[in-house]
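Chains as they are written, first to last, in numbering that gives the first Met the number 0: chain Z, 0 to 257; chain W, 0 to 257; chain E, 0 to 257. Single-structure report; data block below.
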Amino acid sequence: MKSFGFEDAAPVLSWLQKNTPLVNCLTNNVSKNFVANALLAVGASPSMVEASAEISAFTLVADATVVNVGSLVDYRLRGISMAVQTAHENGKPWILDPAAVSESLFYRSSFARELLRYYPAIIRGNAAEIMFLAGEKSSSRGADSLSSSDEALRAAKLLAGDQNCVVVVSGKKDYVTNGKETFCIMGGDPKMARVTGTGCALSAIMGATACAQYDFLRAAAAACVVMKHAGEYAALNSRGLGSFASALLDGLTIDKLS
Amino acid sequence: MKSFGFEDAAPVLSWLQKNTPLVNCLTNNVSKNFVANALLAVGASPSMVEASAEISAFTLVADATVVNVGSLVDYRLRGISMAVQTAHENGKPWILDPAAVSESLFYRSSFARELLRYYPAIIRGNAAEIMFLAGEKSSSRGADSLSSSDEALRAAKLLAGDQNCVVVVSGKKDYVTNGKETFCIMGGDPKMARVTGTGCALSAIMGATACAQYDFLRAAAAACVVMKHAGEYAALNSRGLGSFASALLDGLTIDKLS
Amino acid sequence: MKSFGFEDAAPVLSWLQKNTPLVNCLTNNVSKNFVANALLAVGASPSMVEASAEISAFTLVADATVVNVGSLVDYRLRGISMAVQTAHENGKPWILDPAAVSESLFYRSSFARELLRYYPAIIRGNAAEIMFLAGEKSSSRGADSLSSSDEALRAAKLLAGDQNCVVVVSGKKDYVTNGKETFCIMGGDPKMARVTGTGCALSAIMGATACAQYDFLRAAAAACVVMKHAGEYAALNSRGLGSFASALLDGLTIDKLS
């Protein structure tokens, strides 16, 4: 297994500096604002189209689609189905965030599994989510995994192989694998788990980096690097979880600013 | 009437430090992000499941349920009905936040009244909301009460007695009553009323503290203490309402951090 | 064309200091929290009622209604239709924010055009949105305009004349026109375009200022001045986009605080 750092992420980040990928996110209402601001910070252009009436046409305009099944409700489920089908049929990359899939959340879990037949480019979840999606026993509590990334690595590799996609297990360590090659990204800060939407934002940033090139493995790893770095920045520049969340977005701000 | 301070709240807060109650919130889309971050700050694990298809099973997994009728729409109303019924039948505590109930908002108001038959553990509102729910004449403007906590105290006691629950009137002074015993919590800062979701967050934190023990009176009062303290911290550490909101979450951060 | 500065905005801002207009916003779920906090910052009272079951009665209680078609979904569309019709029939001002209207988003775009028959007091959009609404060729990418305010000025004047309303094109320069008289507001900061909801918040603040008097031209221009000023404040008091968003709300905080 290889580590993956800032220098490895450089080509993707430099592409982001020059382009402004349009990333459409179908995500839960808890994290919409944070996700949009995270995408803007790294230099992407976010949109949040989700109505069945306009999602298919817009998916063709967007560079990538990000699907998060957190707090799923019927009207968003319909929008997601249409978006993912359109993306698949038109060769547009889409990211699956199986937020909180588990035994006790059957509705979103069975839906997340159905979506696999439209072949996401990248699947990003915590250890329990990836294990559950891969059909293994998993242990979670609401949105929190009770398993470590290490415990999920085998499941991640199997899922990546089966789906011919990149699977990311994020946590204290992030693992990024296509089943054959695996990167490990260390760093970050434990407080990241105590800001809502950090995982959703990481998935969304993968939507942006996936547009950079069609090596989704390095695209996903670059997103992990950027987020880990932002977490470290935030830990040094905050006095509690409110200023941590704000500083996390500061840390994500890639410098088109000056 | 007794005052209630940090030393009285200590057993509840110390329980929160050691446990991580899973609190499911069915709340309006304005405050979802702030509410989730407030719960994380005090050491709880938030979830925002609201779909009819998964709410009953998840309510059994969650330690408490928080219902806020702000910006109510049909699909959330259905989710709330199922959540509250499941919570009631299974002896799980649930909190009612009758956000902006009034003559001019009949839909949410009649619904909030119907919910009373499932016996919330705690009802938390501003003076006008509590007076309206108790069947008294109340005076409000949108989400703002035009009455003081003192004017609502009698109504709060009656409602608590009728419902056999704890009623909290929050405002410049917070009153927490079970109809027989009443606590008063002073402090905070007037700017708290100028950050959206502060009331919703207070109700959500009561969902967390209600898991600590089955003395809901002290659980609710402890939540008020924590929020008043955060408001004072924020007033000292902000330069306007944006940094005030951020500092409020800093002030809520109970120290699992270091 | 005239410039419009703080001294010109003074009567409106001084009215805002003394009154607390109740502004009901039917807006997308991405920006609801930011919009509510922006309204609170300038001294207004926000509400976000959108259910068909309560919107008509509440529109009569609110001083102004703000409609944003961003991330439109069916249930909000129904609420908007009823709100706008009630506002129109009862002489209450309402603001139209045609967020991201374009060829590729037909659902919201045709709806925004239908709404014109209920005569908004103010229409506020970026250059591409105003050009599209006026029936001209426009160029956009998701929520971003690829045209400048200057390119949209002619369309804005035509639209204002046709609709007998005030049209605002916001961007690097803001133009505010009733078709005959036009104000230009300079300033702000480019980072404002990289915080989600800044445009939505500007439209919402126009809902508040439109209550001050029935000269909607100066009311809209005053809102632009306040937002440009906040952007400049934020640029001086931030280290990235997270602290910029927070400082933007600080900059909007009109001093009822001390």
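Each residue gets a CB set at the ideal place from its N, CA and C atoms; glycine is no exception. These figures come from a predicted structure and were not determined experimentally.
1. Are the C-beta atoms of E231(Z) and some chain E residue less than 8 Å apart?
2. If we call anything under 8 Å between Cβ atoms a contact, is G260(W) one with S144(E)?
3. Cα-Cα, which of G196(Z), F182(Z), L248(Z) and T195(Z) is closest to C223(Z)?
4. From which residue to which residue does the alpha helix (DSSP H) around I253(W) run?
5. Relative to chain E, which residues along the region 37-65 of chain Z have a C-beta separation below 8 Å, given in chain order?
6. Go ahead and pull the three-state DSSP assignment for N18(E).
7. Against chain Z, does L247(W) count as a neighbour if the rule is that its beta carbon must be under 8 Å from one of theirs?
8. Quick check: the region 193-201 of chain W against the region 31-38 of chain E, are at least 3 beta-carbon pairs closer than 8 Å?
9. At 4 residues or longer, and completely inside the region 40-80 of chain W: list those alpha helix (DSSP H) runs for me, N to C.
10. Check the Cβ-Cβ distances between N89(Z) and every residue of chain W, and say whether any is below 8 Å.
11. Check whether the region 65-81 of chain W touches the region 164-180 of chain Z, counting contact only when three or more Cβ pairs, one atom from each stretch, lie closer than 8 Å.
12. Along the region 133-144 of chain W, where does the CB come closer than 8 Å to a CB of chain E? Name the residues.
13. Using a Cβ-Cβ cut-off of less than 8 Å, give me the residues of the region 91-112 of chain Z that come near chain W, in sequence order.
14. Just to confirm before moving on: does the CB-CB distance between A98(W) and V68(W) stay below 8 Å?
15. Please list, in chain order, the chain Z residues whose beta carbon lies closer than 9 Å to that of C250(W).
16. With F182(W) as the anchor, note down where its beta strand (DSSP E) starts and where it stops.
17. Give me whichever residues DSSP pairs with S144(E) in a beta bridge.
18. Which of the three DSSP states, helix, strand or coil, is assigned to V34(E)?
19. Using three-state DSSP, classify V11(W) as helix, strand or coil.
20. D73(Z) and A218(W) look like a contact to me (Cβ under 8 Å); what is the Cβ gap, rounded to whole Å?
21. Am I right that R267(Z) and D254(W) are in contact with their C-beta atoms under 8 Å? What's the rounded C-beta distance?
22. Can you round the beta-carbon distance between L158(E) and I121(E) to whole angstroms, since I take them to be within the 8 Å contact cut?
23. Go ahead and label N57(W) buried or exposed: buried means 16 or more other beta carbons lie within 10 angstroms of its beta carbon, across all protein chains shown.
24. In whole angstroms, what is the alpha-carbon distance linking C199(Z) and A203(E)?
25. Between the C-alpha atoms of K1(Z) and L12(Z), what's the straight-line distance to the nearest angstrom?
26. Once DSSP output is grouped into helix, strand and coil, what is the label at Y232(E)?
27. Within the 8 Å Cβ cut-off, does K190(Z) reach chain E?
28. Taking C-alpha atoms, which residue in E135(E), D62(E), P20(E) and D161(E) lies nearest to E102(E)?
29. Should S30(E) go down as buried or exposed, given a rule of 16 or more other Cβ atoms within 10 Å for buried?
30. Do T19(E) and S44(E) have their C-beta atoms within less than 8 Å of each other?
31. Step through the CB atoms of chain Z and report whether any lies within less than 8 Å of the CB of G78(E).
32. V22(Z) and G206(Z) look like a contact to me (Cβ under 8 Å); what is the Cβ gap, rounded to whole Å?
33. State the Cα-Cα distance for the pair S257(Z) and P189(E), rounded to the nearest angstrom.
34. Which stretch, first to last residue, makes up the alpha helix (DSSP H) that contains L114(W)?
35. Got a sec: is the Cβ-Cβ distance from Y74(W) to anything in chain Z below 8 Å?
36. Here's the rule I'm using: 16 or more other beta-carbon atoms within 10 Å means buried, otherwise exposed. How should N27(E) be labelled?
On the basis of the coordinates in this document:
1. No, its Cβ sits nowhere closer than 8 Å to a Cβ of chain E.
2. Within the shown structure, residues of chain W are numbered from 0 to 257, placing residue 260(W) beyond reach of any answer.
3. F182(Z)
4. No alpha helix (DSSP H) holds I253(W); DSSP gives it neither H nor E.
5. L39, A40, S44, P45, S46, M47, V48, E49, A50, A52, E53, A56, F57, L59, V60 and A61
6. coil
7. yes
8. Under the 8 Å Cβ criterion, the region 31-38 of chain E counts as touching the region 193-201 of chain W, having at least three qualifying pairs.
9. 51-60
10. no
11. no
12. R140, G141, A142 and D143
13. Result list: A99, S103, L104, F105, Y106 and R107.
14. yes
15. According to the sequence displayed, residue 250(W) carries Gly and not Cys. Within 9 Å Cβ-Cβ: G239 and G241.
16. T181 to I184
17. S139(E)
18. helix
19. helix
20. Not really, about 35 Å apart at Cβ, beyond 8 Å.
21. Here chain Z comprises residues numbered 0 to 257, so residue 267(Z) is not present and cannot be evaluated.
22. Actually they are not in contact, since the Cβ atoms of L158(E) and I121(E) sit about 11 Å apart, beyond 8 Å.
23. Here residue 57(W) is Phe; the residue named in the question, Asn, does not match the sequence. Buried: at least 16 other Cβ atoms inside 10 Å.
24. Roughly 27 Å separates the two Cα atoms.
25. L12(Z) has its alpha-carbon roughly 20 Å from the corresponding atom of K1(Z).
26. In this structure, Y232(E) counts as helix in the three-state DSSP scheme.
27. no
28. E135(E)
29. buried
30. yes
31. no
32. 4 Å
33. Per-residue confidence for S257(Z) stands at a pLDDT of 38, beneath the threshold of 50, marking its modelled position as unreliable; the derived number appears in the next sentence. Straight-line Cα distance between these residues: approximately 10 Å.
34. F105 to L114
35. yes
36. buried
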